[in-house]
Amino acid sequence: MSIPTQWTPTHGDPYRPVPYRPERMPTEESLARAAELRERMGRRRTVRQFSPDPVPEQVVKDAIACAATAPSGAHQQPWTFVLVKDAEVRRRIRAAAEEEERVSYDGRLGEEWLAALRPLGTDEGKPHLTDAPALIVVFQQRYWLGEGGDKRKHYYVDESVGIAVGMPLSALHLSGLAALVHTPSPMRFLSEVLGRPVNEKAFAVIPVGYPAADCRVPDLVRKSLDQALVEV
Ligand code: IYR
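Residue numbers (full-length UniProt numbering): 1 to 232.
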């Protein structure tokens, strides 16, 4: 049987299951891997101050490929990842984001929201959009749009794309790079700057790079497992 390498929509195809028999991992190895992963993931920090040093492009592409392995509603994979390397495009994105954020921080967010953000130290300045050498701009495909203009519903789009964003965050961290999930609001300008089609809506911008030499992060405390987990 030939293995198809290009995805095409499977809408209405019959159910054709194939065997899935991954080798079972010995418990000892499972425990060791889980503990190591927990420890390494615990060291991830969101970075807002990036070094302009270039990053190995393949690491970023591999992380995007990891994102594209995410499960999705009806396996519709309702995402597009735009990798922005061009400095001029990053500059335009930063200018448009800062224009919106100025309005947000000047009052649009409201006092309660601003108070919630205070410990993070964020403001309308978004230097990470031009300092980081690469941006992954994540778009959700609100619906499928065929060549001839026909449309088809997509299901659980927010959930699917939300899961897909988590995967490169882990992949990048474990590959030695830092990232940030930035959600300029509103972010319609991203569709315009990047020329995306009408069925796509910007979901997040993920600057990727190495932390700046003088990078600082807020002194945050994570919930302990006790606080995050309820066992029944
Ligand atoms: N989008 C704004 C505000 C902001 C909102 C949340 I919720 C954050 O966790 C961080 C920032 C900004 O990017 O500054």
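Ideal Cβ placement from N, Cα and C applies to all residues, glycine included.
As the structure is a prediction and not an experimental result, all values here were calculated from the model.
Item                                                                                                                                                               : Value
Following a CB-centred definition, is E101 positioned closer than 7 Å to any heavy atom of the ligand IYR?                                                         : yes
Just to confirm the assignment, what range does the beta strand (DSSP E) spanning V137 have?                                                                       : A134 to Q141
By Cβ distance below 6 Å, which residues in the same chain neighbour G166 in space, the five residues on each side in sequence not counted?                        : none
Taking Cβ to Cβ, would you say A179 is nearer than 8 Å to P207?                                                                                                    : yes
Would you say H182 touches the ligand IYR, meaning its beta carbon is less than 7 Å from a heavy atom?                                                             : yes
Is L129 near the ligand IYR, in the sense that its beta carbon is under 7 Å from a heavy atom of that ligand?                                                      : no
Measure from the alpha carbon of H75 to the alpha carbon of each residue in A164, L177 and R222, then state which is nearest.                                      : A164
Taking the continuous alpha helix (DSSP H) assigned at T130, which residues delimit it?                                                                            : H128 to D131
Quick check on the DSSP output: the alpha helix (DSSP H) that includes A87 runs from which residue to which?                                                       : A87 to V103
Can you tell me whether L117 sits near the ligand IYR, meaning its C-beta is under 7 Å from at least one heavy atom of the ligand?                                 : yes
Would you kindly report the start and end of the unbroken beta strand (DSSP E) that includes P168?                                                                 : Segment V157 to L174 is the alpha helix (DSSP H) holding P168; no beta strand (DSSP E) there.
For the candidate residues A204, V193, E101 and R38, whose alpha-carbon lies nearest to that of D86?                                                               : V193
Return the chain-ordered list of same chain residues with a C-beta closer than 6 Å to the C-beta of P52, the five sequence neighbours on each side being excluded. : D131
Where does G107 sit, in a helix, a strand or coil, going by DSSP?                                                                                                  : helix
Applying the criterion that 16 or more other CB atoms from any shown protein chain within 10 Å of the CB defines a buried residue, is Q58 buried or exposed?       : exposed
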